[in-house]
Amino acid sequence: MDSTTGTRQVRVMFLVVSASMGGAESHALALAKGLDRQYFDVSLVYLKDEAESPQAHARVQDGVFVFCLGADRKLDLAAVRQLGAYANAKEIDIVVCVNPYPLVYAWMLRLMSKRRVRIVEILHSAATFPMESWLHVLALRPLFWMSDLLVYMGKNQRSYWERHLLTARRTEVVRHGVNVDRLRNDFPVAAKGRLREAHGFAESDYVVGVCGALRHECGHADLVAAIHAARAAGTAVKCLIIGDGPMRAAIESMVERLGLQDEVKITGSVQDGRLAVSCCDVMAEPSRMETVSLAALESMALGKPLIMANVGNASEFVEHGKNGLLYAQADVAQLARHIRRLSDRKRRAAYGDASLAKVHSQFSLAQMVDAYHRIFLNLHPLQG
Numbered sequence: 001m002d003s004t005t006g007t008r009q010v011r012v013m014f015l016v017v018s019a020s021m022g023g024a025e026s027h028a029l030a031l032a033k034g035l036d037r038q039y040f041d042v043s044l045v046y047l048k049d050e051a052e053s054p055q056a057h058a059r060v061q062d063g064v065f066v067f068c069l070g071a072d073r074k075l076d077l078a079a080v081r082q083l084g085a086y087a088n089a090k091e092i093d094i095v096v097c098v099n100p101y102p103l104v105y106a107w108m109l110r111l112m113s114k115r116r117v118r119i120v121e122i123l124h125s126a127a128t129f130p131m132e133s134w135l136h137v138l139a140l141r142p143l144f145w146m147s148d149l150l151v152y153m154g155k156n157q158r159s160y161w162e163r164h165l166l167t168a169r170r171t172e173v174v175r176h177g178v179n180v181d182r183l184r185n186d187f188p189v190a191a192k193g194r195l196r197e198a199h200g201f202a203e204s205d206y207v208v209g210v211c212g213a214l215r216h217e218c219g220h221a222d223l224v225a226a227i228h229a230a231r232a233a234g235t236a237v238k239c240l241i242i243g244d245g246p247m248r249a250a251i252e253s254m255v256e257r258l259g260l261q262d263e264v265k266i267t268g269s270v271q272d273g274r275l276a277v278s279c280c281d282v283m284a285e286p287s288r289m290e291t292v293s294l295a296a297l298e299s300m301a302l303g304k305p306l307i308m309a310n311v312g313n314a315s316e317f318v319e320h321g322k323n324g325l326l327y328a329q330a331d332v333a334q335l336a337r338h339i340r341r342l343s344d345r346k347r348r349a350a351y352g353d354a355s356l357a358k359v360h361s362q363f364s365l366a367q368m369v370d371a372y373h374r375i376f377l378n379l380h381p382l383q384g
């Protein structure tokens, strides 16, 4: 009950696979923290104990009650009972599932619940993921069909999955949003210069960056190959890989084999990549299976032009020839041509300005939270 209005808050519980902070998990946490506490009482439940930091399972984070069920198998009945007990005691109104796996737990909870709990699925899954995962999603279609709401992250994703009969009683498209106030490219010139110098780059160098975990599906090898091709064609481009991951050794080996040790640098793991992104002239997104690239949106908010593989919702972020360039998935030759095209400073500046304007007008965190605020209140109107 909100003490100022006498109105019972809508009680929303987010169900997330784990506290391992990928894009879907970060999205859920930002949304949970952003909902207005005058209207919503918010919980966030992790199914698996896979936290990357001891703070991930802190009991309260910015007004959000957080706990972990500690599930140790696909369907852990002890975890289901614990979830049901919590939901009944808390009188949860809406369960928000982040990706398909938590949907199984939500429906088990609904069958056990004494109340009519609304089920919302936020689908981050792309079309281009491994066959086993794709089949898993399709096997869960009956649970989707019975759910109260399915939220897609973009129109392209919605079009794809609706062709495969993945829908619900009601569907919506809500774009991802980023905190544009936090993502400001106002770092001191000296700080940018020191970071460039630390990686062997001069202020005048043309640097293409990529930010994210070094995994096979993220396409870092495509970017390194394109950097090599662009240099062979006469463009003096360098590359900053921001992040770390299981593909690092393979990427380093590729860099050495191509003789790019002075031109391609890897930062390793960084807590906050904003300064590193701000030091780059262009940001590349070569992922082969991304639905919504948080890194792309953050780069746009920092005023960077994008070169992006045309997968998932990429064409909703990048207007080709306006704020960046799109290329066919895994087409290294086309990626190299786009890198050469953006060696032009004036074009980069124009595209960067357009990126900044687009993210502010269409992809802000405030817009995303406001959309979910209206959706949740429509599902369960305030009482009292």
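Just so you know, the UniProt record's numbering puts 288 at position 288 of the sequence shown, and the rest follows in order with no gaps. C-beta: ideal position from N, C-alpha, C; glycine also.
- In terms of Cβ geometry, V237 and I339 form a close pair [threshold 7 Å].
- With respect to the C-alpha of R116, the residue from L123, D93, L260 having the closest C-alpha is D93.
- If you keep only unbroken beta strand (DSSP E) runs of at least 3 residues inside the segment 127-192, you get 149-152, 171-173.
- Boundaries for V311: no beta strand (DSSP E) harbours it, and the DSSP string shows neither H nor E there.
- Of the residues L214, K192, G243, V210, the one whose Cα lies closest to the Cα of S204 is K192.
- S43: not part of any alpha helix (DSSP H); member of the beta strand (DSSP E) spanning 40-48, first to last residue.
- Between G324 and L306, the C-beta spacing is below 7 Å.
- Q329 sits away from V318, with the two beta carbons spaced by 7 Å or more.
- Relative to the Cα of V64, the nearest Cα in the group P102, R141, M13 belongs to M13.
- The three-state reading of DSSP puts K358 in helix, counting H, G and I together.
- In the structure shown, the three-state DSSP call for F376 is helix.
- Annotated three-state conformation of K33 is helix, per DSSP.
- A276 carries a helical assignment under DSSP once its states are collapsed to helix, strand and coil.
- In the DSSP assignment, M13 forms a beta bridge with S43, V95.
- A residue is called buried when at least 16 other Cβ atoms come within 10 angstroms of its Cβ; G34 meets this threshold and is buried.
- By the Cβ test, the segment 270-277 is in contact with the segment 182-201, since at least three Cβ pairs between them sit closer than 8 Å.
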